Every structure is written in C-alpha cells, then in structure tokens.
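Chemist: In the UniProt record's numbering, the protein residues as written are 1 to 505.
Sharing a structure, written as structure tokens. Questions coming.
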Amino acid sequence: MKTLWTNGSIFTMQSEDSMVEAVLIEKGKIIQIGSKEELLPHADKIISLEGAAMYPGFVDSHIHLIGHGEKLSYLDLSSFTSIEKIMAEVCKKVTPGQWYITEGWNDNQLIDGRFISKNDLDVIQESPIVLKRICRHVLVANSRAMEIAGITEDTPSPIGGRIGKDEDGRLNGLFFDEAQQLITSHIPPVTSEYLAKVIRLSIKDLHKKGFTGVHTEDMAYYGPYEIPLKAYREVVEDQFKVHLLRHHLVFEQMQEEMSNEFLEFGAMKIFVDGSLGGRTALLSEDYSDKSGTSGVAVHTEEKLGQLVQMARVHNECIAVHVIGDKATELILDKIEKYPAPKGKKDRLIHVNVLRADLIERMHKLPIVLDIQPIFVPSDFPWVKERLGEERMEWAYAWKSLLRAGFECSGGSDSPVESADPFVAIDAAVNNRWNPSQSISIFQALSLYTTGSAKAIGKEFQRGKIAQGFDADFTILNEPLNVDNIQQVFVSKTVVNGKIVYERKI
C-alpha cells in the first residue's frame with residue numbers, strides 16, 4: 001500500500017531551503033517526493049499533516065540507551081543541590097544488605113562545593129552504596145562497598161584510573177575512570193529480562209521525544225555481552241533503529257553477530273580519557289584551576305595502538321571518546337599510522353577541547369565529529385576556570401568546526417545529560433554562554449539527521465526526505481525557528497513508515 005503524507009511543511013534536509021508538498025512511501029521506504037497534485041493519483045492512502053512540520057527522523061548519535069532507561073526508573077541525583085539532600089533520599093531507597101547504585105551527582109551545582117566522599121555515604125554501613133558522578137567517569141563508594149571489593153589503602157591504582165585519597169593518604173571513596181571497575185566488577189549482574197524492561201522504557205520515552213533511532217554502546221557493562229544483546233534482540237523489532245557500537249573489550253567476540261535493519265553493529269568504541277568535570281579529561285597542559293593535574297590516559301600509547309590495529313584487522317572504523325586536546329592528539333597519532341578502511345570514517349566523540357594544529361591534522365582524515373551541544377549549558381561557566389582563557393578558542397567550538405567543513409553528528413550523552421533534542425538544539429542555536437559559537441537551525445537539525453546518518457555511513461539511506469531513503473519522520477506541531485525551540489512539541493514519530501508515537505491532544 002502506498003501512503004501519501006501531505007498538507008504540511010515538509011523539510012527534506014537536502015539543503016537549507018529544500019521543502020516539498022508531499023511524500024509517497026511504501027514498505028518503509030520513500031518512493032517519491034514532489035507536489036501533492038503529482039503524487040495524489042499514486043496513493044492508496046492519504047495522511048494529512050494538518051499543518052504540522054515534517055523532518056527526517058531524529059537520531060541521537062551518542063546516548064547510552066540502557067542508562068537512559070534506568071535513569072527514568074531510579075533516583076536521579078542530577079537535580080540535587082546538596083549532599084545532605086542526596087543522602088536523605090538515598091537512605092529512603094536502600095534495602096538493608098543489598099547493593100544500591102544510582103547516579104547523576106554534580107559537584108559543580110552542590111552548595112557543599114566538593115565531591116561526595118565515603119564519609120558522607122557511611123551513614124549507611126550495612127549496605128554497599130555506589131553513587132556515580134553525572135559524567136560517569138567518577139564514582140563514590142561507601143566503606144561497605146570497598147570492603148566487599150577488597151580495596152585497602154595499599155591497593156594500587158590501575159592503568160587509566162585513580163583511587164582517590166584524602167590529604168592524609170586515606171581512602172575517600174572516590175574512584176576515577178578505569179579504577180571504577182575495582183568496585184563495579186563486584187556489583188551483582190543484571191538479567192536480560194531486567195534489561196529488556198529498561199530498553200522498552202527507554203525507547204518509549206525516546207519515541208515521545210521524536211527519535212526514530214539512536215547510536216549507543218552498552219555491550220561491556222552488564223556482564224557478558226550476550227546478556228544485553230539478548231535483551232536488545234527481544235525488544236528491538238521494526239519500531240526503532242539501534243546502531244550498537246562495540247566496546248573494545250567485546251569487539252572481537254562480537255564479530256560473528258549478525259545485524260539487521262533495526263539492530264546493527266558498528267565501530268569499535270574506545271575511551272582515551274575521562275571528563276572535564278572530574279579533571280580526568282587529558283589535556284596537553286595542566287588544568288588552570290589545579291596545577292599538577294592534566295588528566296588521565298585510559299590506555300598506554302602502546303595499548304591504544306593495539307586496539308586501533310585490532311579494529312583495522314576486522315576492516316572496521318573506531319568511535320573514540322576524546323574530550324581533552326592531548327587525548328585527541330594521541331588518537332590522531334594512531335589513526336594516521338593505521339588509517340581507516342577505505343570508504344569508512346572514524347568517529348571522534350565529544351572533542352570538547354582542541355587546538356589549531358589538531359584541526360589541521362583532522363582535516364586530512366576521514367572522520368566525523370560527534371558533538372554534544374547540551375554540554376554547553378551544563379559545563380559553563382565553571383569550565384572557563386578549569387581550562388583558562390587561552391584554551392577557549394577551540395573549546396566547545398561547534399560553529400568553528402562546522403565552518404571548517406567537518407562533518408558533525410549530534411548526541412545527548414544521556415543519562416549524563418537530558419535526551420530532549422529541543423534543549424540541545426536551543427543550546428546550539430541560542431548559545432548564551434558562547435554566542436560566537438551559535439549555529440543556525442538548519443545546522444542544528446543536521447546534527448540529528450544527515451549528521452547522524454554520515455556517522456555510520458548511511459548518508460544515502462537515512463537523514464533526508466528523498467527518494468529511496470528510509471521512511472523515518474519526526475513531525476512537530478510547527479516548524480522550528482530561533483524563538484520557538486523550547487515551545488514546539490512532537491506530534492508524531494514515524495519509523496519504517498509506521499506511526500510509533502502520536503501525541504494525544
């Protein structure tokens with residue numbers, strides 16, 4: 001059956017002013033676009049947009065899909081402004097003798113002006129408690145959790161991580177980057193049934209936000225990769241498109257896993273550094289607000305080279321978490337030495353802090369930059385003190401990167417940040433913290449449409465309303481403009497030609 005969508009503003013995203021009157025679809029594909037008069041005779045069914053605005057389906061290019069679902073179902077610490085309040089709420093949730101894990105605390109908004117420590121958590125002594133920082137690169141554990149994990153003051157920090165200690169050399173309960181595994185490896189594993197429930201919850205919420213798909217990386221945090229993959233295979237059918245990056249720890253194990261149109265496997269995911277909030281993002285010079293600290297390298301240079309080579313052996317690209325400029329420098333060294341497979345592009349995720357010489361090197365490589373505009377309202381103004389004025393020219397420089405000709409995709413990094421695309425688009429377009437880096441509506445929308453498609457080599461199949469492309473649409477009550485971003489709402493979400501969400505008026 002051929003279905004005609006018409007009677008609204010249809011933005012193809014093929015160019016900034018490209019619009020059509022009607023879209024004809026069949027079997028999940030766009031078979032023709034053009035005028036209503038031209039296409040009407042070919043339609044078996046007509047769906048009126050009733051004046052609404054249709055865009056290619058929004059895709060979040062960097063989200064933790066399971067983490068987003070968990071955030072919807074547990075205590076989210078991101079809104080709390082004091083340690084006292086956090087602990088009061090945590091105490092209400094804890095079951096005696098059982099592990100309690102939640103996340104979202106942000107020291108930059110706590111009136112206490114410091115990280116949470118084990119001394120705060122030790123009001124609970126019987127149950128092991130783990131609270132992850134909003135960036136997910138730092139966690140704090142109570143004494144009971146450290147006791148179960150066998151952590152003592154003599155336990156050495158692992159490569160790529162750090163065990164926190166106070167000024168007297170005593171454990172303070174903080175674990176940075178790779179050191180977190182010393183604690184998390186002792187948390188009882190979850191089941192596929194639990195993960196399936198969480199994934200359903202996550203997808204349902206993302207449909208409401210207008211998303212038709214995501215790029216996520218969940219294969220190395222919930223026991224053997226078969227556990228989350230079983231949940232994904234059970235839940236993901238024909239109403240959402242999930243592109244799974246493969247963590248380097250399970251990359252080779254997953255080589256025999258078969259993709260399909262709705263659940264596909266992509267690049268090797270590698271972490272090179274941590275976060276600016278936890279001062280573990282790797283900088284070429286010390287943090288301006290903490291002399292002697294320049295961040296954490298998750299891998300040795302030798303190990304980083306081995307991982308990139310492993311990806312190339314399997315003819316695959318890499319998707320790399322890099323926030324600090326030194327982290328980007330390290331991975332560029334390896335990409336230049338071991339180039340991406342022909343026809344594929346590596347992905348640099350975040351790239352918050354760059355340098356002019358790095359920009360020059362990046363220009364010569366087939367890469368996509370996966371940026372998160374929503375980081376700006378979260379990280380400013382404190383990030384200016386952390387980096388210093390001299391580093392700000394190429395920090396969070398979304399407009400400069402686009403102007404320089406880089407292909408960019410857009411993600412939320414939820415549950416670290418909000419998954420609401422309109423909050424992110426508003427942060428990109430109306431950048432009050434860094435106005436010179438504000439981008440246009442078209443550029444912001446491109447991050448979630450054509451940009452996300454380019455990041456996975458699907459630019460001739462997804463991200464535009466064009467003949468032969470997937471019939472995935474995000475339909476808003478009215479066209480987006482600079483002034484209405486936070487007021488518009490999703491009327492319908494369409495995946496594979498089917499309405500998977502419709503707002504009830």
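Even glycine gets a Cβ: it sits at the ideal position worked out from N, Cα and C.
The model shown is predicted, which means the values in this text are computed figures rather than measured ones.
#1: Hey, Pro214 and Leu201: beta-carbon distance below 8 Å or not?
#2: Whole angstroms are fine: how far does the CA of Met1 sit from the CA of Gly161?
#3: Grab me the residues of Met146's own chain with a C-beta within less than 6 Å of its C-beta, minus the 5 sequence neighbours each way, in chain order.
#4: Quick one: measure Cβ to Cβ for Arg361 and Pro341, integer angstroms, because I've assumed they're closer than 8 Å.
#5: What residues match up with Gln32 in a beta bridge as DSSP calls it?
#6: Looking at Ser9: is its Cβ nearer than 8 Å to the Cβ of Ala43?
#7: Identify the continuous beta strand (DSSP E) that holds Asn172 and give its terminal residues.
#8: Could you spell out where the beta strand (DSSP E) holding Tyr448 opens and where it closes?
#9: Quick one: residues in its chain with C-beta nearer than 8 Å to the C-beta of Asp346, no 5 flanking neighbours on either side, listed in chain order?
#10: According to DSSP, simplified to helix, strand and coil, what is Lys209?
#11: Out of curiosity, what's the CA-to-CA distance linking Ile30 and Phe265?
#12: Can you tell me whether DSSP reads His62 as helix, strand or coil?
#13: Can at least three beta-carbon pairs, one atom from the region 182-193 and one from the region 216-225, be found at a separation below 8 Å?
#14: Does the distance from the C-beta atom of Val416 to that of Arg136 stay below 8 Å?
#15: Tell whether a beta-carbon distance below 8 Å holds between Leu72 and Trp105.
#16: Quick check on this structure: which residue in Ser284, Asp483, Gly173, Glu257 has the alpha carbon closest to the alpha carbon of Asp426?
#17: Quick one: what's Phe271 bridged to in DSSP?
#18: Looking at Gly277: is its Cβ nearer than 8 Å to the Cβ of Gly295?
#19: Considering Ser378, what are the terminal residues of the alpha helix (DSSP H) in which it resides?
#20: Tell me whether the region 23-39 and the region 55-63 touch, counting them as touching only if at least three CB pairs, one residue from each stretch, are closer than 8 Å.
#21: Quick one, are the C-beta atoms of His299 and Ile323 less than 8 Å apart?
#22: Pick helix, strand or coil for Phe265, following the three-state DSSP scheme.
#23: Report the start-end ranges of each beta strand (DSSP E) in the region 320-375 that is 3 residues or longer and not cut off at the edges.
#24: Residues in its own chain within less than 7 Å of Ala424 by CB, not counting five upstream and five downstream?
#25: Kindly indicate which three-state DSSP category Lys92 falls into: helix, strand or coil?
#26: For chain B, find out if any of its Cβ atoms is closer than 8 Å to the Cβ of Val351; answer yes or no.
#27: Give the DSSP bridge partners of His247, in chain order.
#28: Buried or exposed for Cys408, going by 16 or more other Cβ atoms inside 10 Å?
#29: So what's Thr184 in DSSP terms, helix, strand or just coil?
#30: Whose C-beta lies closer than 6 Å to the C-beta of Gly51 among residues of the same chain, with five residues either side of it excluded?
#31: Would you mind sorting Ala356 into buried or exposed? The rule is 16 or more other CB atoms within 10 Å of its CB.
#32: Helix, strand or coil for Tyr100, going by three-state DSSP, please let me know.
#33: What is the rounded straight-line gap between the Cα of Glu89 and the Cα of Val383?
#34: Select from Thr293, Met254, Gly343 the residue whose C-alpha is nearest the C-alpha of Met310.
#35: According to DSSP, which residues form a beta bridge with Ala141?
#36: Would you mind working out which of Ile134, Ile86, Phe406, Arg170 sits nearest Ile124, comparing C-alpha positions?
Modeler: Concretely, from the data shown:
#1: Walking along the sequence shown from the start, residue 214 turns up at place 214. Walking along the sequence shown from the start, residue 201 turns up at place 201. The sequence as given places Val at residue 214; Pro does not occur at that position. Result no, Cβ atoms of Val214 and Leu201 do not sit closer than 8 Å.
#2: Here residue 161 refers to the residue found at position 161 when the sequence shown is read from its first residue. Here residue 1 refers to the residue found at position 1 when the sequence shown is read from its first residue. In a straight line, the C-alpha of Gly161 is about 56 Å away from that of Met1.
#3: Start at 1 with the first residue of the sequence shown, and residue 146 comes out as number 146. Cβ neighbours of Met146 beyond the five flanking positions: none.
#4: As a first step, residue 361 is located in the sequence shown; it is residue number 361 there, counting from the start. As a first step, residue 341 is located in the sequence shown; it is residue number 341 there, counting from the start. Between Pro341 and Arg361 the Cβ distance is about 19 Å, and since that is not below 8 Å, they are no contact.
#5: As a first step, residue 32 is located in the sequence shown; it is residue number 32 there, counting from the start. For Gln32, which the question treats as bridged, DSSP gives the partners Leu24.
#6: The residue given as residue 9 occupies position 9 in the sequence shown. The residue given as residue 43 occupies position 43 in the sequence shown. Result no, Cβ atoms of Ser9 and Ala43 do not sit closer than 8 Å.
#7: Here residue 172 is taken as the residue at index 172 of the sequence shown, counted from 1. Element bounds for Asn172: 171-177.
#8: On the sequence shown, position 448 is the one that residue 448 refers to. Taken as a continuous stretch (DSSP letters only), Tyr448 belongs to no beta strand (DSSP E), being part of the alpha helix (DSSP H) at 441-448.
#9: For the purposes of this step, residue 346 is identified with residue 346 of the sequence shown, where counting begins at 1. For Asp346, where only same-chain residues beyond five positions count, the Cβ hits under 8 Å are Ala267, Cys317, Ile318, Ala319, Val320, Ile335, Ala340, Leu365, Pro366, Ile367, Val368.
#10: For the purposes of this step, residue 209 is taken as residue 209 along the sequence shown, with counting starting at 1. Three-state DSSP puts Lys209 in coil, outside helix and strand.
#11: Locating residue 30 in the sequence shown gives position 30, counting from the first residue. Locating residue 265 in the sequence shown gives position 265, counting from the first residue. If you take the alpha carbons of Ile30 and Phe265, they lie about 24 Å apart.
#12: As a working note, residue 62 is residue 62 in the sequence shown. Looking at His62 - three-state DSSP - the assignment turns out to be strand.
#13: yes
#14: If you number the sequence shown from 1, residue 416 lands on position 416. If you number the sequence shown from 1, residue 136 lands on position 136. Against a cut-off of 8 Å, the Cβ pair of Arg136 and Val416 comes out as a contact.
#15: Here residue 72 refers to the residue found at position 72 when the sequence shown is read from its first residue. Here residue 105 refers to the residue found at position 105 when the sequence shown is read from its first residue. Going by C-beta atoms, Leu72 is not nearer than 8 Å to Trp105.
#16: The residue given as residue 426 occupies position 426 in the sequence shown. Out of Ser284, Asp483, Gly173, Glu257, Asp483 has the C-alpha closest to the C-alpha of Asp426.
#17: Taking the sequence shown and counting its residues from 1, the one referred to as residue 271 is at position 271. BP columns for Phe271 point to His321.
#18: Taking the sequence shown and counting its residues from 1, one reaches residue 277 at position 277. Taking the sequence shown and counting its residues from 1, one reaches residue 295 at position 295. The answer is no: Cβ separation not under 8 Å.
#19: Indexing the sequence shown from 1 puts residue 378 at position 378. Here the alpha helix (DSSP H) through Ser378 covers 375-379.
#20: no
#21: Taking the first residue of the sequence shown as position 1, residue 299 is located at position 299. Taking the first residue of the sequence shown as position 1, residue 323 is located at position 323. Not a contact, by the Cβ cut-off of 8 Å.
#22: Your numbering for residue 265 matches position 265 in the sequence shown. Phe265: strand per DSSP, three-state reduction.
#23: 346-350, 367-371
#24: For the purposes of this step, residue 424 is taken as residue 424 along the sequence shown, with counting starting at 1. Within the same chain, Ala424 has close Cβ partners Pro373, Ile374, Gly410, Ser412.
#25: Translated into the one-based positions of the sequence shown, residue 92 becomes position 92. Looking at Lys92 - three-state DSSP - the assignment turns out to be helix.
#26: Structure shown: chain B not included; a single protein chain is present.
#27: The count along the sequence shown starts at 1 and reaches residue 247 at position 247. Partner(s): Lys269.
#28: Taking the first residue of the sequence shown as position 1, residue 408 is located at position 408. Flag for Cys408 reads buried.
#29: If you number the sequence shown from 1, residue 184 lands on position 184. Helix at Thr184.
#30: Locating residue 51 in the sequence shown gives position 51, where the first residue counts as 1. Excluding positions up to five away in sequence, the list reads Gly8.
#31: What you label residue 356 is simply residue 356 of the sequence shown in a count that begins at 1. Flag for Ala356 reads exposed.
#32: Locating residue 100 in the sequence shown gives position 100, where the first residue counts as 1. Here Tyr100 sits in strand by DSSP.
#33: The sequence position of residue 89 within the sequence shown is 89, counting from 1. The sequence position of residue 383 within the sequence shown is 383, counting from 1. Computed Cα separation, rounded: 29 Å.
#34: Here the question's residue 310 lines up with position 310 in the sequence shown. The shortest Cα separation from Met310 among Thr293, Met254, Gly343 belongs to Met254.
#35: As a first step, residue 141 must be located in the sequence shown, where it is residue number 141. Ala141 is bridged to Val130.
#36: For this step, residue 124 is matched to residue 124 along the sequence shown. Considering only alpha carbons, the answer is Ile86.
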